[in-house]
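Enquirer: Here the sequence shown stands for residues 11 to 392, numbered as in my numbering.
A virtual CB, placed ideally from N, CA and C, is assigned to each residue, including glycine.
One structure follows; several queries about it will come next.
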Amino acid sequence: MSSNIETTFYADAVLFDMDGTLTDSISAVEAAWGKVAKDIGQDPAYVIAATHGKRAVDNLAQFKPHIKHHEMDSEVQAFEESILFFADAYNKHGPGSVQNSPMNSGATTPALSPSSSNPASRASSRTSSFVGTIAQLAPFRRPSFLHRVSSLLSMSPTIRENEEVLENPISEETEEEAEDWKTMLQKKHQLEAWQLEATAVDRSVRILPGVKRVMDSIPKGRYAVATSGAKTYAYGCMTRVGITPPEVTITADDKRLKAGKPAPDPFLLAAKELGFEATRCVVFEDSPSGIKAGVASGATVIAVCTSHERSKIENCGAHYLVDNMEQIQITAEGAGADMRLRFTIKPKAQTQEQHLHLAQPQQQAAAHPLAAPPITAEAIAA
C-alpha cells in the first residue's frame, strides 16, 4: 500500500483515548505531576515522563507508596482536582479573569454570571468570581490600576466587538502591581503557594484539531472513551471543551478493570459495553502505553502525534500514524446491525514530502500476539 495515497478500511466501532487524543490538558497534567514530584523530592521531568498515559492510581501507588489502600480513592480525586485547578487557575483567578471579562471578550452574556453557558465556568462555579469583588483591590492597588479595573466593571456587559475599549489592562501592570495581585488573591481565596503560582500560566483544556468533526460523524452507540483518567478528571476535561461524554465512558476508577494501560483491559471493556468485539474496533491513541494497550486488545490502532514526537511512538505497534484527526474521515454506511464505519486516512495535505506512515503488522504481531492487521474492505467482503 502506497503511503502517499488515501487509505480506506472498515470497522464497527471506535474507541477513543481522551487526553492527548480528544483533548489537550497536558500542560495541566504535567503541572500536577510536577507538584507531586516536588512534594516527594523527585525530579519533575522523571515523574512526568514515567506517569504519562497511565492511571493516577497506579502512578500514586508507585510514587507515594505510603498511601493506604482505603485512602487511595480520595487521593486520586484530590490529585485530579488539582489537575482541573491548574487548568482553570489562569482564567478563574489570574489575569485571564479580567481579560476574559465582557469588556475584553465582546460577549453579550455577563461573564460574572455563575450560570454562564461556558462549561468551564459552570464547572468552576464553586469558587466566587475574583473580578466580582473589585472593592477588595483597594488596599493593594495603585490608584491608576484600580481606576482601570473599576472602569472595566462599570461598563455595560453588552459591549460589542467593534467598540474600542481598554486592551489587556493586566498586561500593563508593573512588577509591583503584579505582587499586589498575588497578595490580594492570597487574602481573598486563601490560596496555597502552588495554587498562587498556577494562576500565572494559562493551562486551559483545549479540544484538538479535527476531533469535533470526527466525533460528530459517528452515530451514537458506535463510539466510546477509554481513558487512564478517573471520572473527576475525565468528565471535567471533556465538558470543558464541549464534548459530551458518551454513554460508554470507561474511566480509571471503574471497579471492573483489573489493570490499566498498557494492559488492554480498558479497551476490551469499552468494546464489550458497546456490544462489539475489540478486533472489529478502531482505537485512537497518543501515548506509548495507550498504543500498546490498543494493539494488545486486537483492535486496529491509529496513533496521533499530538502529545509525543513521532519518533517516540512510531515503534509502539500502531497500524497507522497521523499528525492529528484532521487526516481522518469516518462515514457511516448502512443501518442497524448492518451498519459499518468507513475510515479514510488522508496523507498530510500541506506537503507531498511528508507521508502517512504505516506500521509493519507482521513485525508488530510478534511483539504483541493479539495485534490484528488493519481491517480492509476486502476483509469485510470475505
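#1: What's the call for residue 230, buried or exposed, on a 16-neighbour Cβ count within 10 Å?
#2: Using 8 Å as the threshold, is the segment 14–25 in touch with the segment 343–358, meaning 3 or more CB pairs across them?
#3: Nearest to residue 97 by alpha carbon, out of 72, 40 and 84?
#4: Consult DSSP for residue 218 and reduce its assignment to one of helix, strand or coil.
#5: Return yes when the Cβ of residue 45 is within less than 8 Å of the Cβ of residue 238, no when it is not.
#6: For residue 296 versus residue 31, is the C-beta spacing smaller than 8 Å?
#7: So, is residue 232 buried or exposed, given that buried needs 16 or more other C-beta atoms within 10 angstroms?
#8: Compare the Cα-Cα distances from residue 27 to each of 214, 79 and 280 and report the closest residue.
#9: Starting from residue 337, follow the beta strand (DSSP E) in both directions and report where the run begins and ends.
#10: Going by CA-CA distance only, name the one from 67, 338 and 312 that's closest to residue 228.
#11: Determine the DSSP secondary structure at residue 73, reduced to helix, strand or coil.
#12: DSSP on residue 211, reduced to helix/strand/coil?
#13: Quick check on the burial criterion: 16 or more other C-beta atoms within 10 angstroms. Buried or exposed for residue 252?
#14: Taking 8 Å as the threshold (C-beta atoms), are residue 298 and residue 236 in contact?
#15: Are the CB atoms of residue 215 and residue 38 nearer to each other than 8 Å?
#16: Please return the same chain residues whose Cβ sits closer than 6 Å to the Cβ of residue 140, not counting the five positions on each side in sequence.
#17: Hey, residue 301 and residue 332 are a contact pair by Cβ (cut 8 Å); roughly how many whole angstroms apart?
#18: Helix, strand or coil, according to DSSP, for residue 260 in the structure here?
#19: So, at 6 Å on beta carbons, what are the nonlocal neighbours of residue 283 in its own chain, with the 5 sequence-adjacent residues on each side left out?
Expert: Inspection of the coordinates gives the following:
#1: exposed
#2: yes
#3: 40
#4: coil
#5: no
#6: yes
#7: buried
#8: 280
#9: It is not in any beta strand (DSSP E) - residue 337 carries neither H nor E in the DSSP assignment.
#10: 338
#11: helix
#12: coil
#13: exposed
#14: no
#15: yes
#16: Per-residue confidence for residue 140 stands at a pLDDT of 31, beneath the threshold of 50, marking its modelled position as unreliable; the derived number appears in the next sentence. Result list for residue 140: 103 and 107, in chain order.
#17: Not quite, the Cβ-Cβ distance comes to about 13 Å (not below 8 Å), so this is no contact.
#18: strand
#19: 258
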